[in-house]
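A quick write-up on the structure given underneath.
Protein chains in written order, with the numbering used here: chain A, 3 to 115; chain B, 3 to 115; chain C, 3 to 115; chain D, 3 to 115.
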């Protein structure tokens, strides 16, 4: 069966989170450089088709600074993306749950509702 | 509104394609190393939750071998993933269309149908 | 034979350029997002040991904007790094030569000379 | 001062380790997929100029398999590369020391010695 527009919006939201995670995982990051990295991640992924907004929060308190810097993983950040396909709006989120980063759909709605 | 299982399956399919693309884009690749890279990409992404199968075909004829090797982009490959969430099965594909790599849903179906 | 400090400085410079390239290759980038990405790349790699400075210039004129954005490759940027090990300073550079990105050592000197 | 061939060989060795690390960090990996990933990493980096050999050992015992798979970091692997520039041979290695992955030069020699 062909995908509906709402399903396509969910697919697009998944692409954004998967792209963001695997493009930037491993990046050297410290409390001082966290903000510029988060800003660049948002602007990079917002370039992708159907992407309305990306919010990345890298939490300095979660970084191991024993050696001055850490390497970015899902454990360090909270990410939220919003995509739109036709009138369908999808929000998805990555956050740590039970000690592991998890990606999930937060909301699927029709913009005209 | 909460996502349906079928929508979640579409979301998961997007995560797989976005992850695969942005994890491996930029990898040095030649006609000789293309097969081992494709095999590793399949096995890596199949680790992800809900992922039933991944097929990666890196086409040697699309590689620029002027300097002996190229760096992997979406223009070099055809990828297909299949994910399952509850009884819902989603297939998604990345291929070149009109000269640019495009990710799209191929099929959304209920496994019990 | 054990490496000299000058050789170690050259090794460290190579690590920085290789890291920078393969961490960020494939990132979605447009003329509007190029500056934030370059800033984040500089700050990220400057976290690495022995790294004194990193300069990244992503040239908007080199981006293919047919679809609104491009994916970062070595063809789009000029990078210079400076590292120091003991009194030895090394500068290295990545730029396009003959149509292909090339990494090379620019200068190896003793800071006390 | 211009770099010597031995210094250039050290620089090239650094590029290989930095590239390998930041290309593949974050890849989903399990005990079952570790071997195919290691093989692909070797073959990919051996494509790079001046690279004679790459050996990657991903140690299954170091992977966290609580959720079935882990994401590759320097803590999971031992890597050795050998590069040659003119008659100069350089070996470099990445391994965990004091709980953190460290890259270092192992040997710099003239092949004619």
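A virtual CB, placed ideally from N, CA and C, is assigned to each residue, including glycine. Computed from a predicted structure; not experimentally measured.
query: Identified DSSP bridge partners for residue 53(B); result: 85(B)
query: Residues of its chain near residue 71(D), where Cβ-Cβ distance is below 7 Å and the 5 sequence neighbours each way are ignored; result: 30, 31 and 32
query: Neighbour list for residue 107(C) in chain D, Cβ cutoff strictly below 9 Å; result: 4, 5, 9, 10 and 13
query: Straight-line gap, residue 21(D) to residue 24(C) (C-alpha atoms, nearest Å); result: 5 Å
query: Euclidean distance between Cα positions of residue 103(C) and residue 65(A); result: 33 Å
query: For residue 109(C) and residue 63(D), the rounded distance between their alpha carbons; result: 43 Å
query: Cβ of residue 89(D) within 8 Å of any chain B Cβ; result: no
query: Extent of the continuous alpha helix (DSSP H) run through residue 38(C); result: 36-48
query: Minimum C-alpha distance to residue 97(B) - residue among 105(B), 91(B) and 54(B); result: 105(B)
query: Minimum C-alpha distance to residue 45(A) - residue among 36(C), 53(C), 56(C) and 51(C); result: 36(C)
query: Proximal chain B residues relative to residue 71(D), where beta-carbon distance stays under 8 Å; result: 49 and 50
query: Exposed unless 16 or more other CB atoms sit within 10 angstroms - verdict on residue 99(A); result: exposed
query: Residue 73(B) classed as buried or exposed, judged by whether at least 16 other C-beta atoms fall within 10 angstroms; result: buried
query: Assigned exposure category for residue 1(A) - 16 Cβ within 10 Å defines buried; result: This structure cannot settle anything about residue 1(A), because the visible part of chain A is limited to 3 through 115.
query: Chain-order list of residues whose beta-carbon lies under 7 Å from that of residue 8(C) (same chain, five-residue window excluded); result: 90 and 110
query: Pairwise C-alpha distance: residue 92(C) and residue 51(B); result: 45 Å
query: Beta-carbon gap between residue 39(B) and residue 94(D) smaller than 8 Å; result: no
query: Identified DSSP bridge partners for residue 107(C); result: 94(C)
query: Three-way DSSP call (helix, strand, coil) for residue 32(A) in this model; result: coil
query: Chain A contacts from the segment 15-47 of chain C (Cβ-Cβ distance under 7 Å); result: 25, 28, 29, 30, 31, 32, 35, 38, 39, 41, 42, 45, 46 and 47
query: Extent of the continuous alpha helix (DSSP H) to which residue 78(C) belongs; result: First-last for residue 78(C): undefined, no H or E at that position.
query: Within 8 Å, strictly: CB atoms of residue 107(B) and residue 27(B); result: no
query: Under 8 Å between C-beta atoms of residue 56(B) and residue 87(B); result: no
query: Start-to-end residues for the alpha helix (DSSP H) that takes in residue 27(C); result: Run containing residue 27(C): none; DSSP gives neither H nor E here.
query: Of the listed residues 77(A), 54(A) and 49(A), nearest to residue 67(C) (C-alpha basis); result: 49(A)
query: Three-way DSSP call (helix, strand, coil) for residue 59(B) in this model; result: strand
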